[in-house]
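**Student:**
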Amino acid sequence: MPKPDIQQVSPVVAEQERAVSELNETMHNDEPHMPLKKGIKRRKKRAPTRRSSSTKGKRRLTRKKKQGRRRISSLRKNLKKKKTLKAKRKTINKKKTSYKGTPIFKKKIMSYLSELNTTMAELSELALFSDPPNQVAVHKIYFQETRPISSFDSDNAPLEFSIPGNGGEYLDLRKSRLYIKAKITKSDGTALAALEKTGIVNLPLQSLFSQIDVYMNGTCVSQNANNYPWKAYLKVLLSTGMSASDSQMQTQLQWPDGEGIGDPDPAAGTNMSLRKRYVFTQKSRTFDLEGPLYLDCFYLDKYLINGVDIQLRLFRSKNEFVLMSKESSPSYKVTILDAVFKACKVKVDSAILVNHTNAILKSPAMYNYLKTDVKMTTISDKTSEFYWDDIWNGKRPSKVYVTFVKQSAVNGSYVDNPFNFEHFDLSEIVLYVNGEPTPVRPMKLDFGDNKNFVTPLCNLYQSSEKWLKDESLIINREKFATGYAIYAFDLVPTDLGEGYINLVHQGNVGVYARFSKPTTVTISAIAFCECPGLLLIDNTREPLQQGDNAGTKNSCQALTAYKLDDVNAR
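In terms of the UniProt record's numbering, the sequence shown opens at residue 1 and continues consecutively.
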């Protein structure tokens, strides 16, 4: 039997191949295509159509939208990956710690402390391309010396100064100074002998005068009271510290009295400050003093406008008040050899003068300052309780300071220091405002062996705005009980910064004090207060002082008149 040929194909297979080729030619015409596999159906191709331009534009826009969506989707995926990576890093940092919880490595990343505050600071050291502003308002500042217009040869005659305000120059009262040259002699004018035990009290530049009157264009703007030495001394105590006392305050022969404040012996006594002043005054040596006047109107925060004439009248204190002596029959006096008031003049630019001249026609010049007042009363001996009602009735002060001193020192005595504020075994003190105690509970004190008086000391630092600051007072814990017992009371919020004025309240202020032992001498109670004041100067250069009820009424009338004139002008 012959073998079959290998190249020979069976008729069945040949028939199937022929059927598939005919099917491909029928479905796809002349275009070449891969042969269909078994079970796959191919979509019939549409006949080519002619597309319009609008259809092409729509398809192109649709394509761009799809591309934009793909990009947004891609960005979201990337952001999600970053968040996942950040979370993984945090997890790694938590895991990569030692057994004590201290991180082995930590990546330094800067961030804000609070996302609510992203404000960036600008350092002046990096302001390389900026210049400071130019000062063109003030051209010159100098001191104009004025001597008394009246003779001061007499021991009781007041010193009178007249400072003209004409021209285009302003006056800086805060920087103005008083110069005094004097000497201590016997009552007949003869010089003191060597080692004669006679000296001068603390702060003699201010203690020499019991009262100082200030007039602006003939109107008195100061208080006519015979208590200027205590006002000046309390202002110094409540504002200066030891650094100032060891330097600039010595221009007024101010050395704070320490132990032995009541010792009148300036040559060999225990009051070392009195002995330091004695070096300048012994043997009738001439001594000079220079410093500011601690008057309310001299603490204006602005320059005094031109056209205001100033008149000063300084009344002398008693010689027994100013001097201290250990001699058996003292009889001395302080002789003033020269007196000069150095007015600080300010020459401003002409444009400032023109602007102020036009502005004062619409509104008065306003000066805010701190107004102070001193009241005194007597406490008889053998007194255990003390009531002082109606110290201030009307305008309520902002701060009140109460202290006690011997009545003999107030009247003038060669052996008693007028600035020796003794405690007199005070055991309780409280201030009443409209019948309500301030503070709520009276301050309890014990000046005996226990020495429990820290609360009034803290209140003194608080009222003088030195509390919790690197600033000091002359008074410390040791001195408080030895001649510096001052009791402070705050009646309004204080030490809140600058640039605000407290509202004016009405009230009746009184003091109640109790002594652990009945008093053995007659005492003078001194009350010193502070409150906001306002000084107005109109276009006629008439000063209107707001402090008491009359001044407030006049100042309100002046402001009302200015407003009415402004309305009429419109």
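The C-beta atom is built at its ideal place from N, Cα and C for all residues, glycine as well.
Predicted, not measured: the structure shown is a model, and the values here were computed from it.
Any contact between the segment 152-161 and the segment 325-343? By contact I mean 3 or more CB pairs, one from each, below 8 Å.
**Tutor:** Touching, yes, given that three or more Cβ pairs across the two stretches are closer than 8 Å.
**Student:** Does S408 come out as helix, strand or coil in the three-state DSSP assignment?
**Tutor:** Within the sequence shown, residue 408 is the residue found at index 408, counting from 1. Three-state DSSP puts S408 in a helix.
**Student:** For residue 578, collect the residues of the same chain with a Cβ closer than 8 Å to its Cβ; drop the 5 residues on either side in sequence, then sort them by chain order.
**Tutor:** Outside the displayed range of the chain (1 to 570) lies residue 578, so it cannot be described from this structure.
**Student:** Measure the C-alpha to C-alpha separation of L75 and A127 and round it to an integer number of angstroms.
**Tutor:** Here residue 75 corresponds to residue number 75 of the sequence shown, with the count starting at 1. Here residue 127 corresponds to residue number 127 of the sequence shown, with the count starting at 1. Whole-angstrom Cα-Cα distance: 41 Å.
**Student:** Using the Cβ count rule (16 or more neighbours within 10 Å means buried), how would you classify W467?
**Tutor:** Along the sequence shown, one-based indexing puts residue 467 at 467. Exposed, by the Cβ-count rule.
**Student:** Taking 8 Å as the cut-off, decide whether the C-beta atoms of L521 and D381 are in contact.
**Tutor:** For the purposes of this step, residue 521 is identified with residue 521 of the sequence shown, where counting begins at 1. For the purposes of this step, residue 381 is identified with residue 381 of the sequence shown, where counting begins at 1. According to the sequence as given, residue 521 is Val; it is not Leu. It is a contact, given that the beta carbons lie within the stated cut-off.
**Student:** Quick one: what does DSSP say W392 is sitting in, helix, strand or coil?
**Tutor:** Sequence index remark: in the sequence shown, residue 392 carries index 392 (1-based). Strand at W392.
**Student:** With a 10 Å radius around its C-beta and 16 neighbouring C-beta atoms as the bar for buried, classify S328 as buried or exposed.
**Tutor:** Residue mapping note: residue 328 aligns to position 328 of the sequence shown, counting from 1. Exposed, because fewer than 16 other Cβ atoms sit within 10 Å of the Cβ of S328.
**Student:** Could you name the residues that DSSP lists as bridge partners for I180?
**Tutor:** One-based indexing of the sequence shown puts residue 180 at position 180. Answer is L289 and A339.
**Student:** Measuring alpha carbon to alpha carbon, tell me which residue in N319, T372 and I184 is nearest S284.
**Tutor:** Taking the sequence shown and counting its residues from 1, one reaches residue 284 at position 284. Residue I184 is the option with its Cα nearest to S284.
**Student:** Determine, using beta carbons only, whether I163 and A365 come nearer to each other than 8 Å.
**Tutor:** Position 163 of the sequence shown, counted from the first residue, corresponds to residue 163. Position 365 of the sequence shown, counted from the first residue, corresponds to residue 365. No. Outside cutoff.
**Student:** Pick out the complete beta strand (DSSP E) segments inside the segment 322-370, 3 residues or longer, and give them in chain order.
**Tutor:** Whole beta strand (DSSP E) segments, 3+ residues: 323-325 and 332-348.
**Student:** Out of curiosity, what's the CA-to-CA distance linking F528 and L159?
**Tutor:** Here residue 528 is taken as the residue at index 528 of the sequence shown, counted from 1. Here residue 159 is taken as the residue at index 159 of the sequence shown, counted from 1. Rounded to whole angstroms, F528 to L159 spans 26 Å at the Cα level.
**Student:** What does the Cβ neighbour count give for V214, buried or exposed, with the cut at 16 atoms within 10 Å?
**Tutor:** As a working mapping, residue 214 is identified with position 214 in the sequence shown. Answer is buried; the Cβ neighbour count reaches 16.
**Student:** Taking DSSP as the reference, what is the three-state secondary structure of K38?
**Tutor:** Residue numbering aside, residue 38 sits at position 38 when the sequence shown is read from its first letter. Residue placement at K38 cannot be trusted, given a pLDDT of 49 that sits under 50; what the coordinates show is reported in the next sentence. DSSP places K38 in coil when its eight states are reduced to three.
**Student:** Is it the case that the Cβ atoms of V308 and P397 are separated by a distance below 8 Å?
**Tutor:** Mapped onto the sequence shown, residue 308 falls at position 308. Mapped onto the sequence shown, residue 397 falls at position 397. For V308 and P397, no; Cβs fall outside 8 Å.
**Student:** For P493, which residues of its own chain have a beta-carbon under 8 Å away from its beta-carbon, when the five flanking residues on both sides are left out?
**Tutor:** The count along the sequence shown starts at 1 and reaches residue 493 at position 493. The answer, listed in chain order, is N502.
**Student:** From the DSSP output, in three-state form, read off F298 for me.
**Tutor:** Reading the sequence shown from its first residue, position 298 is the one you call residue 298. Residue state, collapsed to three classes: helix.
**Student:** Candidates K469, P229, V410 and S187: which alpha carbon is nearest D495's?
**Tutor:** Residue numbering aside, residue 495 sits at position 495 when the sequence shown is read from its first letter. Considering only alpha carbons, the answer is K469.
**Student:** Is F447 closer than 8 Å to I523 when the C-beta atoms are compared?
**Tutor:** Position 523 of the sequence shown, counted from the first residue, corresponds to residue 523. Position 447 of the sequence shown, counted from the first residue, corresponds to residue 447. No; because the gap between Cβ atoms is not below 8 Å, this pair is not in contact.
**Student:** Roughly how many angstroms lie between the CA atoms of N319 and G412, to the nearest whole one?
**Tutor:** Position 319 of the sequence shown holds residue 319. Position 412 of the sequence shown holds residue 412. Whole-angstrom Cα-Cα distance: 8 Å.
**Student:** Touching or not, the segment 336-349 and the segment 242-262, by the rule of three or more beta carbon pairs under 8 Å?
**Tutor:** With a cut-off of 8 Å, the segment 242-262 and the segment 336-349 do not count as touching, because too few Cβ pairs lie within range.
**Student:** Does G510 come out as helix, strand or coil in the three-state DSSP assignment?
**Tutor:** For the purposes of this step, residue 510 is taken as the residue at position 510 of the sequence shown. In the structure shown, G510 sits in a strand (DSSP, three-state: E or B).
**Student:** So what does DSSP say about M120, is it helix, strand or coil?
**Tutor:** Mapped onto the sequence shown, residue 120 falls at position 120. It is coil, neither helix nor strand.
**Student:** Three-state secondary structure (DSSP) at V374?
**Tutor:** Here residue 374 refers to the residue found at position 374 of the sequence shown. Looking at V374 - three-state DSSP - the assignment turns out to be strand.
**Student:** Would you call the CB atoms of Y432 and Y512 closer than 8 Å?
**Tutor:** Residue mapping note: residue 432 aligns to position 432 of the sequence shown, counting from 1. Residue mapping note: residue 512 aligns to position 512 of the sequence shown, counting from 1. Yes; because the gap between Cβ atoms is below 8 Å, this pair is in contact.
**Student:** For the segment 174-184 and the segment 365-375, state whether three or more C-beta atom pairs, one from each stretch, are separated by less than 8 Å.
**Tutor:** Judged by Cβ distances under 8 Å, the segment 174-184 makes no contact with the segment 365-375, as fewer than three pairs qualify.
**Student:** Considering only the alpha carbon of each residue, which of I261, V322, K302 and M242 lies closest to P229?
**Tutor:** Mapped onto the sequence shown, residue 229 falls at position 229. Answer by Cα proximity: V322.
**Student:** Return the first residue and the last residue of the beta strand (DSSP E) that F453 is part of.
**Tutor:** On the sequence shown, position 453 is the one that residue 453 refers to. That residue, F453, is in no beta strand (DSSP E); it is neither H nor E in DSSP.
**Student:** Going by alpha carbons, who is nearest to I149 out of K77, Q311 and R63?
**Tutor:** Along the sequence shown, one-based indexing puts residue 149 at 149. Per the Cα distances, Q311.
**Student:** Determine the extent of the beta strand (DSSP E) in which residue 580 is found, giving its start and end residues.
**Tutor:** With the chain covering only 1 through 570, there is no way to say anything about residue 580.
**Student:** What number of angstroms, rounded off, separates the C-alpha of Q206 from the C-alpha of Y299?
**Tutor:** The sequence position of residue 206 within the sequence shown is 206, counting from 1. The sequence position of residue 299 within the sequence shown is 299, counting from 1. Their Cα atoms are separated by approximately 16 Å.
**Student:** Between N224 and the rest of its own chain, which residues show a CB-CB distance below 8 Å, the 5 nearest in sequence each way excluded?
**Tutor:** Against the sequence shown, residue 224 aligns to sequence position 224. Here the set comprises Q211 and D213.
**Student:** Roughly how far, in whole angstroms, is the beta-carbon of I474 from the beta-carbon of T240, given that I think they are within contact range, below 8 Å?
**Tutor:** Position 474 of the sequence shown, counted from the first residue, corresponds to residue 474. Position 240 of the sequence shown, counted from the first residue, corresponds to residue 240. Sure, about 7 Å apart at Cβ, within 8 Å.
**Student:** I'd like to check one pair, S427 with R316: are the Cβ atoms closer than 8 Å?
**Tutor:** Translated into the one-based positions of the sequence shown, residue 316 becomes position 316. Translated into the one-based positions of the sequence shown, residue 427 becomes position 427. Their beta carbons are not under 8 Å apart, which means R316 does not touch S427 by this criterion.
**Student:** Would you decide whether N549 is buried or exposed? Buried here means 16 or more other CB atoms lie within 10 Å of its CB.
**Tutor:** Numbered from its first residue, the sequence shown carries residue 549 at position 549. Caution is warranted here: a pLDDT of 45 is assigned to N549, below 50, making its placement in the model unreliable, and the coordinate value is therefore given only provisionally. Exposed.
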